[in-house]
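Read the structure below first, then the notes.
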Amino acid sequence: MTTTQPQSYRLDDETLKKQPEDVFDLLDKLGEGSYGAVHKASHKTTGQVFAVKIVAVDTDLQEIIKEISIMQQCDSDHVVKYFGSYFKLSDLWIVMEYCGGGSVADIMRLRRKPMEVEHIQIVVSDVLQGLTYLHSQRKIHRDIKAGNILLSDEGHAKLADFGVAGQLSDSMAKRNTVIGTPYWMAPEVIQEVGYDEKADIWSVGITCIEMAEGRPPHADIHPMRAIFMIPTHAPPTLRSPSAWPSAFNAFLSSCLVKAPASRRAASDLQQHEFVTSAPSSRALLLRVIHETQEIIAERGRYPAEDSSANDGGDDDAQPAGVDDATIIKNDSLQPVDSSTVVVRDDIDIDTACGTMVVNEASDGEDDADTMKQGSAHASYKPAFLAHFEQQEQAQPTETNEPGIVKHEVVELTETEIVERIARLDEEMERELGELRQLYQAKRDPITKAIEAKRAAVSQ
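Residue numbering for the sequence shown follows full-length UniProt numbering, beginning at 1 and increasing consecutively.
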């Protein structure tokens, strides 16, 4: 019988000197995390079970080292533990705590339904404890979502996947790097105006909606359009607020405040009525975990019918994994693009920067905690634009041959096609307007600075 490792467990120096395949048996693949695949692994000698992330060294090694460094520094029951690392040929094996309950996203995907309010309360209570700890250590997770919240066999939620986590130094109050997963991003992260740990609180609110409805807000639209909408539209709410407890709606309102300074801290939100009224017993959550484990035992981690959740049954669609958003069957929705954005266009990274990944220079400092400020390109492009351009370039180009029309459109009536064109025109005008507003917001400070310089010269 295999057992999960105790939280105080550490791999000894002698074990860490061996080849990883001499220490562990890889069992099944759990999914994809940031930068690498995650496997369930059994310790050959003790039978204890671990999670092992295998990362190709030709990926961004600096980011991998940062992830390990952040995990090493963390000591919380609500943050996934790190036990050691191995190099094998061109791969790095990162040995971590195994959470047998899987991710919250996995549970919703396999059960094919969202979480109930009591489940959300228990999960959020643990997440806030984990964030309170991280924020007290001046760390920002930056990628809170259901796919990055893992559940232990005992029904405790833990924050995982620190591939994009960041550290705030004492000399720096905010960061500017565009990083995270689009639908869960806080407005200030998208706008590149600087952000702090309050960005995680916004993501908690979005994750609550994801758990309640199976998908985050804006999941039915292209992530590029969502990125323009999040800073300019009102904060999202549940689709049917009256169907949920008033305390839940109030909690979401506390998280989803567009002004970061008005957003409540994780430690403060632990005292919110929605959190304090969470069931004291883990029985409800354990029941869901056991149900999910039975589904995995019977049908596998990625049942074949999961592909039916993809609108149109795209043969190229990949199964949702550890780092994927929940896919709840809904004929009107496309699968959520939950890839994590990690964009740093003009950064010169000091090779010894440790856990710091910062796109903001600090005055008079040039050390391991500070990023050097790169010169801005003459024609400014928001960082997230480059990310999506790269994604689209990597995708196969659709054929434009005459007479070939998407099957979905062919099935529509002429009236429906005309209505669809009209809606597309309206959407285009709205999106162009939003783009002009963002452009103007970027342009105004520059033109004012030029005018001020000219005025000073003419005096």
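By construction, the Cβ of each residue, glycine as well, lies at the ideal position given by its N, Cα and C atoms.
| said: As an exercise, report each continuous beta strand (DSSP E) stretch of at least 3 residues that is fully enclosed by the stretch 221–284, in chain order. | reply: none
| Residue from 87, 68 and 96 with nearest C-alpha to residue 39 | Here residue 39 is taken as the residue at index 39 of the sequence shown, counted from 1. Residue 96 is the option with its Cα nearest to residue 39.
| query | Whose CA, out of 68, 207 and 93, lies closest to the CA of residue 17? | reply | What you label residue 17 is simply residue 17 of the sequence shown in a count that begins at 1. Among 68, 207 and 93, the Cα nearest to that of residue 17 is on 93.
| query | From residue 293 to residue 258, what distance separates their C-alpha atoms? | reply | Your numbering for residue 293 matches position 293 in the sequence shown. Your numbering for residue 258 matches position 258 in the sequence shown. Cα to Cα, the separation comes out at about 38 Å.
| query | Beta-carbon separation of residue 182 and residue 88 under 8 Å? | reply | Counted from its first residue, the sequence shown places residue 182 at position 182. Counted from its first residue, the sequence shown places residue 88 at position 88. Against a cut-off of 8 Å, the Cβ pair of residue 88 and residue 182 comes out as no contact.
| If you compare alpha carbons, which of 36, 82 and 215 is closest to residue 55? | Counting from one through the sequence shown, the residue named residue 55 turns up at place 55. Nearest C-alpha to residue 55 among 36, 82 and 215: 36.
| field | Any 3 or more C-beta pairs closer than 8 Å across the stretch 226–239 and the stretch 205–217 | value | yes
| Given that a residue counts as buried once 16 or more other Cβ atoms are within 10 Å of its Cβ, and exposed if not, what is residue 132? | As a working mapping, residue 132 is identified with position 132 in the sequence shown. Buried is the call here.
| request: Would you kindly work out how many angstroms separate the C-alpha atoms of residue 48 and residue 216, rounded to a whole number? | output: In the sequence shown, the residue the question calls residue 48 occupies position 48. In the sequence shown, the residue the question calls residue 216 occupies position 216. Distance between the alpha carbons of residue 48 and residue 216 is about 36 Å.
| Rounded separation between residue 91 and residue 29 - CA only | The residue given as residue 91 occupies position 91 in the sequence shown. The residue given as residue 29 occupies position 29 in the sequence shown. So the two alpha carbons sit approximately 16 Å from each other.
| query | Which residues mark the beginning and the end of the beta strand (DSSP E) in which residue 119 is found? | reply | Locating residue 119 in the sequence shown gives position 119, where the first residue counts as 1. Here residue 119 belongs to no beta strand (DSSP E); instead the alpha helix (DSSP H) covers 117–136.
| request: Using alpha carbons as the reference points, say which of 124, 117, 86 and 104 lies closest to residue 290. | output: The residue labelled residue 290 in the question sits at position 290 within the sequence shown. Looking at the Cα atoms, 104 is the closest of the given residues.
| Rounded C-beta distance between residue 252 and residue 209? I'm assuming under 8 Å. | Within the sequence shown, numbered from 1, the residue matching residue 252 stands at position 252. Within the sequence shown, numbered from 1, the residue matching residue 209 stands at position 209. Going by Cβ atoms, the distance from residue 252 to residue 209 rounds to 7 Å, so yes, they are a contact pair.
| message | Restricting to Cα atoms, I'd like to know which of 427, 434, 430 and 302 is closest to residue 32. | response | Indexing the sequence shown from 1 puts residue 32 at position 32. Answer by Cα proximity: 302.
| Test item: CB-CB of residue 139 and residue 70 under 8 Å | On the sequence shown, residue 139 is found 139 positions in, with the first residue counted as 1. On the sequence shown, residue 70 is found 70 positions in, with the first residue counted as 1. In contact: residue 139 and residue 70 (Cβ atoms closer than 8 Å).
| request: List the residues that DSSP assigns as beta-bridge partners of residue 16. | output: Stepping through the sequence shown from its first residue, residue 16 is reached at position 16. Bridge partners of residue 16: none, in fact.
| query | Leaving out the 5 sequence neighbours to the left and right, which residues in its chain are closer than 6 Å to residue 86 when beta-carbon positions are compared? | reply | Looking up residue 86 in the sequence shown gives position 86. Hits under 6 Å: 20 and 93.
| field | Short Cβ contact (8 Å threshold) for residue 232 with residue 434 | value | One-based indexing of the sequence shown puts residue 232 at position 232. One-based indexing of the sequence shown puts residue 434 at position 434. Yes, the pair counts as a contact, with Cβ atoms nearer than the cut-off.
| request: Go ahead and pull the three-state DSSP assignment for residue 422. | output: Counting from 1 along the sequence shown, the entry for residue 422 is found at position 422. Helix.
| Anticipated Cβ contact below 8 Å, residue 190 with residue 221, distance rounded | On the sequence shown, position 190 is the one that residue 190 refers to. On the sequence shown, position 221 is the one that residue 221 refers to. 15 Å between Cβ atoms; not a contact.
| How is residue 192 classed by DSSP in three states: helix, strand or coil? | Reading the sequence shown from its first residue, position 192 is the one you call residue 192. Coil.
| Are there 16 or more other CB atoms within 10 angstroms of the CB of residue 263, so buried, or fewer, so exposed? | The residue given as residue 263 occupies position 263 in the sequence shown. Buried, by the Cβ-count rule.
| query | Ordered along the chain, which non-local residues of its own chain (more than five positions away) have a Cβ less than 8 Å from that of residue 212? | reply | One-based indexing of the sequence shown puts residue 212 at position 212. If we look at residue 212 and ignore the five residues flanking it on each side, its Cβ neighbours are 114, 115, 117, 120, 238, 244 and 248.
| residue 304 to residue 150 span [Cα, whole Å] | Your numbering for residue 304 matches position 304 in the sequence shown. Your numbering for residue 150 matches position 150 in the sequence shown. For residue 304 and residue 150, the distance between alpha carbons rounds to 23 Å.
| query | Who pairs with residue 94 in a beta bridge, going by DSSP? | reply | In the sequence shown, the residue the question calls residue 94 occupies position 94. Paired residue(s): 53 and 85.
| Cβ-heavy atom distance, residue 31 to the ligand ZN, below 7 Å | Of the ligands one can find in the structure shown there are none, so the ligand ZN has no counterpart to examine.
| message | If I measure Cβ to Cβ from residue 449 and keep anything under 7 Å in the same chain, skipping five residues before and after, which residues do I get? | response | Taking the first residue of the sequence shown as position 1, residue 449 is located at position 449. Excluding residues within five positions, none has a Cβ falling inside 7 Å.
| message | The alpha helix (DSSP H) that contains residue 107, what's its start and end? | response | Start at 1 with the first residue of the sequence shown, and residue 107 comes out as number 107. 104–111 is the span of the alpha helix (DSSP H), which, as asked, contains residue 107.
| query | If residue 200 and residue 141 are in contact, beta carbons under 8 Å, what's the gap, nearest whole angstrom? | reply | Residue mapping note: residue 200 aligns to position 200 of the sequence shown, counting from 1. Residue mapping note: residue 141 aligns to position 141 of the sequence shown, counting from 1. 5 Å between Cβ atoms; contact.
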